[in-house]
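If you read the sequence shown in this note's numbering, its first letter stands for residue 9, the second for the next number, and so on.
Don't be surprised by glycine CBs; every beta carbon is placed ideally from N, CA and C.
All values derive from a computational prediction rather than experimental measurement.
Have a look at the structure below, then the notes.
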Amino acid sequence: GEIESALRKQHRNQTKGQKPRVMLGSNHDGILKIYMNASEIEIGFLEVVGNAMVVDLKKCREDLEKLFKVMQLSIFYQRQHHLRRNATEEQLDCLQSFGVFVYQRETTIYTMHRYKGGLHIVDILTNFTIPDNKDQAYVLDEIVEKVYFFKSRVMDYYVKLQEISRKAQKYTPSNENPLEASPAKKNNRKTNQG
């Protein structure tokens, strides 16, 4: 089953009055959450496309787009959380979000950062292929190391976020506008004309 992202729901509610509602695809196969200042913050997302045998490039592209959109929203709401507590822009330079994308046997772990001017940069943190026979079992050590590296990166990130929270003194509402969602996809269904 899939897990609903609170970020997508929050974004949908904040942008409802600005324009017609668009489909955001708010369900994910997994969500990594941390707790900061008694608030739950979603920082990582998992998308699994199909299974190891089926090739579906359209679904792969759509799920990768969905993953990148929610990673971008995560950074936006992390910024809001810290800006309300009077964090400086310099303190927010470390903000990032994570995405784990599984397509067939290939697993890729992404990280996204926001730079000045609102530019979002995505980088591949690590990737690996899950073995499909016993002759490839030797790569399991490497996979465990890469997953442990990812876990260490998330834990280091949590420590950085704690540093921001310790330096922020008081609560002030932020006036930054929510992100604009991508335009709705065109409906390719043909209508019967008779």
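Residue interval of the alpha helix (DSSP H) (run including L75): On the sequence shown, residue 75 is found 67 positions in, with the first residue counted as 1. Element bounds for L75: L65 to L91.
Which residue or residues does DSSP assign as beta-bridge partners of E135? Locating residue 135 in the sequence shown gives position 127, where the first residue counts as 1. Note that residue 135 corresponds to Asn in the displayed sequence, not to Glu. Bridge partners of N135: T116.
On the criterion of 16 or more Cβ atoms from any shown chain inside 10 Å, does Q99 qualify as buried, or is it exposed? For the purposes of this step, residue 99 is taken as residue 91 along the sequence shown, with counting starting at 1. Buried, by the Cβ-count rule.
At which residues does the beta strand (DSSP E) containing L8 begin and terminate? Because the chain spans 9 through 202 in this model, residue 8 falls outside it and cannot be assessed.
In the DSSP assignment, the beta strand (DSSP E) including G38 goes from what residue to what residue? Start at 1 with the first residue of the sequence shown, and residue 38 comes out as number 30. Looking at the DSSP string, the run of the beta strand (DSSP E) that includes G38 is G38 to M44.
Who are the near neighbours of M79 in its chain, counting only those whose CB is closer than 6 Å to its CB and skipping five residues on each side? Taking the sequence shown and counting its residues from 1, the one referred to as residue 79 is at position 71. Taken in chain order, the residues that qualify are S105, G107 and M120.
Alpha carbon to alpha carbon, how far is N59 from Y43? On the sequence shown, position 51 is the one that residue 59 refers to. On the sequence shown, position 35 is the one that residue 43 refers to. N59 and Y43: Cα-Cα distance of roughly 32 Å.
Determine the contact status of F136 and T115, defining contact as a CB-CB distance below 8 Å. Looking up residue 136 in the sequence shown gives position 128. Looking up residue 115 in the sequence shown gives position 107. Judged by beta-carbon spacing, T115 lies within the 8 Å limit of F136, meaning their Cβ atoms are closer than that value.
Using C-beta distances below 7 Å, list every residue in its chain close to I172, excluding the 5 sequence neighbours before and after it, in chain order. Position 164 of the sequence shown, counted from the start, is the residue given in the question as residue 172. Taken in chain order, the residues that qualify are H90, A95 and Q99.
According to DSSP, what are the bridge partners of F53? Along the sequence shown, one-based indexing puts residue 53 at 45. According to DSSP, F53 bridges with I39 and G107.
Mind checking who R174 pairs with in its DSSP beta bridge? In the sequence shown, counting from the first residue as 1, residue 174 sits at position 166. BP columns for R174 are empty, so no partner.
In three-state terms, what does DSSP make of E10? As a first step, residue 10 is located in the sequence shown; it is residue number 2 there, counting from the start. Collapsing the DSSP output to three states places E10 in coil.
In three-state terms, what does DSSP make of V62? Indexing the sequence shown from 1 puts residue 62 at position 54. In the three-state scheme derived from DSSP, where H, G and I count as helix and E and B as strand, V62 is classed as coil.
Neighbourhood of R69 by C-beta, 7 Å cutoff - its chain only, sequence neighbours within 5 removed: Mapped onto the sequence shown, residue 69 falls at position 61. Nothing listed; no residue qualifies.
Short check: CB of I51 to CB of L40, under 8 Å? Numbered from its first residue, the sequence shown carries residue 51 at position 43. Numbered from its first residue, the sequence shown carries residue 40 at position 32. The answer is yes: Cβ separation under 8 Å.
Using the rule of at least 16 other Cβ atoms within 10 Å of the residue's Cβ for burial, across every protein chain shown, is L32 buried or exposed? Walking along the sequence shown from the start, residue 32 turns up at place 24. Low confidence applies to L32: its pLDDT is 49, below 50, so where it sits in the model is not reliable, and the reading given next is rough at best. Buried: at least 16 other Cβ atoms inside 10 Å.
Neighbour-count burial assignment, E55, 16 or more Cβ in a 10 Å radius: Taking the first residue of the sequence shown as position 1, residue 55 is located at position 47. For E55, the number of other beta carbons within 10 angstroms of its own is at least 16, and it is reported as buried.
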